[in-house]
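To start, the structure itself, in structure tokens.
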Amino acid sequence: MSYEQKEVNLRLEKYLLKSNQQFTLEDATASTGMPIIESESAIRELMQRYDCKLKVTENGDLIYDFTGLHRRTEKSFGERLQEFADWFWKGFKIFYRIVTAVFLLIYFVLFVVILIALIVGLLSQGGNSDNDSKSGGVGKLFLVLFRVFLSIFEWSTILGYDYTYRSRDDYGYPYKHYVEKPGQLAKLRKKRKSSKEEKGFVASIYDFIFGPVRYQPDPYANHKEVASFLKENKGLVSTAELQALAGWRRDEAENFMTELLGRYDGQAKISERSAVLYGNFSQLNRSANRPDEAPIIYYWDEYEPEYELTGNKTGRNWAIVGMNSLNLVFSLFFLAQPNFFAELEIPIANGPFLAQIILGTIPFTYSLLFFLIPAFRYFRLLPLKRKQRQENARKRLMKVIFQHVRVPISLKMLTQVANDQAQTEEKLKEEQVEALMQEVIQDLGGESSLNSQNQLVYRFDRLQEEVEEMSRLRQEHRGDDRLGKIVFES
Numbered sequence: 001m002s003y004e005q006k007e008v009n010l011r012l013e014k015y016l017l018k019s020n021q022q023f024t025l026e027d028a029t030a031s032t033g034m035p036i037i038e039s040e041s042a043i044r045e046l047m048q049r050y051d052c053k054l055k056v057t058e059n060g061d062l063i064y065d066f067t068g069l070h071r072r073t074e075k076s077f078g079e080r081l082q083e084f085a086d087w088f089w090k091g092f093k094i095f096y097r098i099v100t101a102v103f104l105l106i107y108f109v110l111f112v113v114i115l116i117a118l119i120v121g122l123l124s125q126g127g128n129s130d131n132d133s134k135s136g137g138v139g140k141l142f143l144v145l146f147r148v149f150l151s152i153f154e155w156s157t158i159l160g161y162d163y164t165y166r167s168r169d170d171y172g173y174p175y176k177h178y179v180e181k182p183g184q185l186a187k188l189r190k191k192r193k194s195s196k197e198e199k200g201f202v203a204s205i206y207d208f209i210f211g212p213v214r215y216q217p218d219p220y221a222n223h224k225e226v227a228s229f230l231k232e233n234k235g236l237v238s239t240a241e242l243q244a245l246a247g248w249r250r251d252e253a254e255n256f257m258t259e260l261l262g263r264y265d266g267q268a269k270i271s272e273r274s275a276v277l278y279g280n281f282s283q284l285n286r287s288a289n290r291p292d293e294a295p296i297i298y299y300w301d302e303y304e305p306e307y308e309l310t311g312n313k314t315g316r317n318w319a320i321v322g323m324n325s326l327n328l329v330f331s332l333f334f335l336a337q338p339n340f341f342a343e344l345e346i347p348i349a350n351g352p353f354l355a356q357i358i359l360g361t362i363p364f365t366y367s368l369l370f371f372l373i374p375a376f377r378y379f380r381l382l383p384l385k386r387k388q389r390q391e392n393a394r395k396r397l398m399k400v401i402f403q404h405v406r407v408p409i410s411l412k413m414l415t416q417v418a419n420d421q422a423q424t425e426e427k428l429k430e431e432q433v434e435a436l437m438q439e440v441i442q443d444l445g446g447e448s449s450l451n452s453q454n455q456l457v458y459r460f461d462r463l464q465e466e467v468e469e470m471s472r473l474r475q476e477h478r479g480d481d482r483l484g485k486i487v488f489e490s
């Protein structure tokens, strides 16, 4: 960036700080005293740093709206408070997992002692001809035990963020799910089961307490997807198309559009025929090769991942409940009987203290939290699961609306088409669709009315105009993404 351009950027930012947060390109040029090209570059720089919306007047003038002058990376008080809560929760999970590992070690030692006693008993039986085979089996078993021991300290319960499979939630919506770590003992089985069934017992314990890792998409997935979309569509994109790609609400899509304009050196354009605002990214459309482009996946083609309580099978959960209940019962016993060792005439120094604190209070607190944490998470997940279900249903409605944007569609027809397109997804009811559509018509600029048959009908004139205008603009666009022949090589 040249010295002159930096000066223009500073001048325009000062202009914004004077509360002149809505302006045209001509206003920016007049305030900086610099040519239009430099002013345009300064505006793009500001759009990368601050939230911005683009507005079009009835005369076709473009207004840049930086109201509030909110930095894109700036966090609100609520976001900072949530960030602090997240860090506290992470710290608590680390601490509690350490304690859990200690308790698992105790169980592990007891299990190994019992197992060794059984093995010694087995080896003491039979003749020498069987000893070699038994010794080999024992060696393999101890190797597995060693791996189980190591798994106690592996707090991540998934194989990695690149390993996923398709699962379905309670309402039949398919979604991406991380592959869980298989148990070491499961490797001894002859029949291989599915990824979810092979989750190890230790991983199941950690997931019982804190829940399984929910699938998280690439934070830059939307940017990559839009870049691929632009290359497939002559470098042109509208706000409605961003909504179709990423599911943004209208305000979010408008703000994302300005971020893209600044990030990818795009130009905000207004069509002459219908005054539709769109972004022109013709430069991004030129490339030497395109093998690693992100796939274009529309908002409605990828459902929301499920919020799971434990991700374990019922039998596995009951086994874990039984194990912790045993801890809880014994800790209550030692709390009620601090003189347990003295009554048995066992000579242990500080016996009452040992029974009350080490064998009573500490394991009781741990075991109580073992049940309270998932109980708290259960109630925390209830609204999140409702929101997930609503968002998935919204995806299905958005798909039908974009497919039938050129004609009004009744509530009955909208519900019917959405259900006809379903494979394993739940059947939507008209009452459910009507409630969701109240928000959708606001996001897409639609309206509802009653027809002559007293049926509720939706129409999306603005969306229809935007879709048709973008189709026309692409047909008329003369952009050429071919690089041409190489005429010079160093």
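Residue numbers for the sequence shown follow the UniProt record's numbering, beginning at 1 and rising by one.
Glycine is no exception: its CB is placed at the ideal position from the N, C-alpha and C atoms.
Legend entry - GLU425 versus TYR171: straight-line alpha-carbon distance, rounded: 6 Å
Inset, instruction - State the CB to CB distance for the pair PHE364 and LEU414, rounded to an integer number of angstroms; the pair is presumed to be in contact (CB under 8 Å). - result: Not really, about 56 Å apart at Cβ, beyond 8 Å.
Inset, instruction - Examine chain B for any beta-carbon lying closer than 7 Å to the beta-carbon of LEU12, and answer yes or no. - result: Absent from the structure: chain B. Only one protein chain is present.
Inset, instruction - Enumerate in chain order the residues of its own chain whose CB-to-CB distance from GLU225 is below 7 Å, with the five nearest sequence positions on each side excluded. - result: LEU245, ALA294, ILE296 and ILE297
Inset, instruction - Going by DSSP, name the residue or residues bridged to ARG166. - result: LYS176
Inset, instruction - Could you pull the start and end residues of the alpha helix (DSSP H) that residue 492 belongs to? - result: Look at the range of the chain in this structure, 1 to 490, and you will see that residue 492 is not part of it.
Legend entry - Residue(s) in a DSSP beta bridge with ARG71: TYR50
Inset, instruction - Determine the DSSP secondary structure at LYS269, reduced to helix, strand or coil. - result: In the structure shown, the three-state DSSP call for LYS269 is strand.
Inset, instruction - Could you tell me whether the stretch 370–381 touches the stretch 430–437, where touching means 3 or more Cβ pairs closer than 8 Å? - result: Not touching, per the Cβ criterion.
Legend entry - Given 8 Å, three or more beta-carbon pairs between the stretch 45–63 and the stretch 261–271: yes
Inset, instruction - Identify whether LEU381 lies in helix, strand or coil by the three-state DSSP scheme. - result: helix
Inset, instruction - Would you tell me roughly how many angstroms separate the C-alpha atoms of LEU277 and ASP65, rounded to the nearest one? - result: 14 Å
Legend entry - Residue environment, THR73, which counts as buried when at least 16 other CB atoms sit within 10 Å: exposed
Inset, instruction - Could you check which residue in ARG80, GLN243 and CYS52 has the C-alpha nearest to that of PHE402? - result: GLN243
Inset, instruction - Would you kindly work out how many angstroms separate the C-alpha atoms of ARG389 and GLU40, rounded to a whole number? - result: 43 Å
Legend entry - Classification of SER367 by the beta-carbon crowding that lies within 10 angstroms, buried from 16 upward: buried
Inset, instruction - Go ahead and pull the three-state DSSP assignment for PRO35. - result: coil
Legend entry - GLN21 versus GLU7, ASN9 and CYS52, residue with shortest Cα-Cα distance: Its Cα nearest to that of GLN21, the residue CYS52 stands out among GLU7, ASN9 and CYS52.
Legend entry - Separation of THR314 from LYS193, as counted between CA atoms: In this prediction, LYS193 has a pLDDT of 48, which is less than 50 and means its spatial position is unreliable; nothing more can be read from the coordinates.
Inset, instruction - Report buried or exposed for ASP301, applying the criterion of at least 16 other Cβ atoms within 10 angstroms of its Cβ. - result: exposed
Inset, instruction - Could you tell me whether the Cβ atoms of LEU411 and GLU431 are closer together than 7 Å? - result: no
Legend entry - ARG71 burial status per 10 Å Cβ neighbour count (16 or more: buried): exposed
Legend entry - 4 or more residues per run - each alpha helix (DSSP H) lying fully within the stretch 397–452: You should have 411–420 and 430–443.
Inset, instruction - Reducing DSSP to helix, strand and coil, say where ASN255 ends up. - result: helix
Legend entry - For GLN416 and GLY446, the rounded distance between their alpha carbons: 20 Å
Inset, instruction - Look up ASP207 in the DSSP assignment and say whether it is helix, strand or coil. - result: helix
Inset, instruction - Answer yes or no: do ASP443 and ARG250 have a C-beta to C-beta separation smaller than 7 Å? - result: yes
Legend entry - Run of the beta strand (DSSP E) containing ILE63, from where it starts to where it stops: DSSP places ILE63 inside the beta strand (DSSP E), whose first and last residues are 62–65.
Inset, instruction - Report yes if the CB atom of VAL400 is closer than 7 Å to the CB atom of VAL467, and no otherwise. - result: Going by beta carbons, VAL400 and VAL467 fall outside the 7 Å limit.
Inset, instruction - Inspect the beta-carbon positions of ARG459 and PRO408 and report whether they are closer than 7 Å. - result: yes
Inset, instruction - Would you check if there are 3 or more beta carbon pairs closer than 8 Å linking the stretch 317–334 to the stretch 228–236? - result: Touching, no.
Inset, instruction - Using three-state DSSP, classify ARG97 as helix, strand or coil. - result: helix
Inset, instruction - Just grab the DSSP bridge partners of LYS234 for me. - result: Answer by DSSP bridge pairing: none, since LYS234 is not bridged.
Inset, instruction - Express the C-alpha separation of SER31 and LYS18 in angstroms, rounding to a whole number. - result: 11 Å
Inset, instruction - Please work out which residues of its chain come closer than 6 Å, Cβ to Cβ, to MET470, disregarding the five sequence neighbours upstream and downstream, and give them in chain order. - result: SER238
Inset, instruction - Can you check DSSP and say which residues form a bridge with GLY279? - result: VAL237 and ALA268
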